[in-house]
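**Q** Input: one structure, supplied below.
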Amino acid sequence: MRRSISIGAMLIAGLLASSHVVGLAAPGQRPERTQTSPTVDVELVIAVDVSYSMDLDELAVQREGYAQAIVSKEFLQALRAGPNARISVTYFEWSASSDQRIIIPWRVIDGPETADAVANEIMKAPVRRGSRTSISGAILFAMPLFDEDPYRGFRRVIDISGDGPNNNGPTVTPVRDEALAKGIIINGLPIMVKEPSYSTMDIENLDWYYEDCVIGGPGSFVVTIKDRENFKEAIRTKLLLEVAGRPPEYRVVPIAEKQPRVSCLIGEKTWQDRWGR
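Converting from the sequence shown to my numbering requires adding 34 to each position, the first position being numbered 1.
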């Protein structure tokens, strides 16, 4: 069964129906730092693709989508429903395996004022782009960030967006598995608003690639963006699910139960075939 989520008001309404929210992690699978009482409901790393395959309009809408989602009434309502009614968040942009830049260091969001401050910081940062696409590099960069977070959460989540497969740095599945072994959940936001192009290294079924090769952990999920009109709504839906800690309404299939429908090395192979390096 596919681990993707459709976008709509029904999903958001259902998400917010509960007045009490618990973590997604099953018994024995919570983050290692349980000796300290959690002070936030989730530690959230937002990892945003800024590779050249993303055009300037997409980069702008992506920025606006995260900023607007964080200050939305739905997001703040989900925030208030948590046991601690606050989260910690950091936001960085990535492209190649050696190209990651933190835009927002760890911040606590606990209401409208702190949400506004984070949203404003996101929008003020200069827009930039980078070469290549290294999802593995983004995950490797994200993992030690949790050790730098002064807050402790019930869950540790990497929220990773991108419009293409890994084509630089280590292969993605071993890095994904390393993160899962640390109790980190990885969710995905595959961006599929353009037709696959030879020049941009796009692939068909990028959502399958994210489902089978990138995401993982208890309750992990993919929200797919297939048209520009739903870009911001998709980002908001994804953040709502992550903050509220509600598992999606379908059975999550463990990685070991099935073979990937898209080769997890498709990005590396395509790059080698086209550029010979």
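The beta-carbon is built from N, C-alpha and C at its ideal position, and this holds for glycine as well. Since we're looking at a predicted model, the values are computed, not measured.
Below 8 Å on the Cβ atoms is my contact criterion, and I expect ILE194 with GLY171 to pass it. Report the Cβ-Cβ distance as a whole number of Å.
**A** With 8 Å as the limit, ILE194 and GLY171 do not qualify as a contact, their Cβ atoms being about 11 Å apart.
**Q** Whose C-beta lies closer than 6 Å to the C-beta of VAL74 among residues of the same chain, with five residues either side of it excluded?
**A** For VAL74, where only same-chain residues beyond five positions count, the Cβ hits under 6 Å are ASN118, ARG120, ILE121, SER122, TYR185, GLY187.
**Q** Out of THR207, ILE192, ASN201, TYR100, point me to the one whose CA is closest to ASP246's CA.
**A** It is THR207.
**Q** Which stretch, first to last residue, makes up the beta strand (DSSP E) that contains ASN221?
**A** Looking at the DSSP string, the run of the beta strand (DSSP E) that includes ASN221 is 218 to 224.
**Q** Counting along the chain, where does the beta strand (DSSP E) carrying ARG189 start and finish?
**A** Run containing ARG189: 187 to 196, per the beta strand (DSSP E) assignment.
**Q** Counting along the chain, where does the beta strand (DSSP E) carrying PRO139 start and finish?
**A** 134 to 143 is the span of the beta strand (DSSP E), which, as asked, contains PRO139.
**Q** Would you check if the stretch 87 to 97 and the stretch 199 to 217 touch, i.e. whether three or more CB-CB distances between them fall below 8 Å?
**A** Judged by Cβ distances under 8 Å, the stretch 199 to 217 makes no contact with the stretch 87 to 97, as fewer than three pairs qualify.
**Q** I need the straight-line Cα distance from LEU110 to PRO146, nearest angstrom please.
**A** Rounded to the nearest angstrom, the two C-alpha atoms are 7 Å apart.
**Q** Can you tell me whether GLU77 is helix, strand or coil according to DSSP?
**A** Here GLU77 sits in strand by DSSP.
**Q** Helix, strand or coil for VAL105 per DSSP?
**A** Three-state result, VAL105: helix.
**Q** State buried or exposed for VAL161, treating a residue as buried only when at least 16 other CB atoms are found within 10 Å of its CB.
**A** By the neighbour-count rule (16 or more Cβ atoms within 10 Å), VAL161 is not buried but exposed.
**Q** I'd like to know whether the C-beta of THR70 is nearer than 8 Å to at least one C-beta of chain D.
**A** Absence of chain D from the displayed structure is noted, only one protein chain being present.
**Q** Of the residues MET157, ASN264, MET177, SER129, which one's Cα is nearest the Cα of VAL82?
**A** Minimum Cα distance to VAL82 is reached at SER129.
**Q** Alpha carbon to alpha carbon, what distance is there between LYS228 and PRO178?
**A** Straight-line Cα distance between these residues: approximately 33 Å.
**Q** Once the 5 residues before and after ALA159 are set aside, which same chain residues still bring their CB inside 7 Å of it?
**A** The residues are ILE137.
**Q** Could you tell me how far apart the beta carbons of ILE192 and VAL79 are, in whole angstroms, since I believe they sit closer than 8 Å?
**A** Right, their Cβ atoms sit about 5 Å apart.
**Q** What's the gap between the Cα of LYS260 and the Cα of GLY196?
**A** Roughly 12 Å between the two C-alpha positions.
**Q** Pick from GLU267, SER297, PRO294: whose alpha carbon is nearest that of VAL108?
**A** In the sequence as displayed, the identity of residue 108 is Glu instead of Val. Looking at the Cα atoms, GLU267 is the closest of the given residues.
**Q** Is the beta carbon of ARG135 sitting closer than 8 Å to the one on TYR86?
**A** No.
**Q** Helix, strand or coil for GLU127? Go by DSSP, reduced to three states.
**A** GLU127 falls in the strand class under three-state DSSP.
**Q** Compare the C-alpha of ASN201 against each of TYR243, ALA215, GLU92 and name the closest.
**A** Of the candidates TYR243, ALA215, GLU92, the one whose C-alpha sits nearest the C-alpha of ASN201 is TYR243.
**Q** Taking the CB atoms as reference points, tell me whether GLY250 and LEU214 lie closer together than 8 Å.
**A** Yes, the pair counts as a contact, with Cβ atoms nearer than the cut-off.
**Q** Going by beta-carbon coordinates alone, are ILE269 and ALA112 separated by less than 8 Å?
**A** Against a cut-off of 8 Å, the Cβ pair of ALA112 and ILE269 comes out as no contact.
**Q** Is the beta carbon of ALA115 closer than 8 Å to that of MET157?
**A** Cβ atoms of MET157 and ALA115: not closer than 8 Å.
**Q** Around the C-beta of LEU90, are 16 or more other C-beta atoms found within 10 angstroms, so that it is buried, or is it exposed?
**A** Looking at its Cβ environment, which holds fewer than 16 other Cβ atoms inside 10 Å, LEU90 is exposed.
**Q** With the cut-off set at 8 Å, would you say THR258 and ASP241 are in Cβ contact?
**A** Their beta carbons are under 8 Å apart, which means THR258 touches ASP241 by this criterion.
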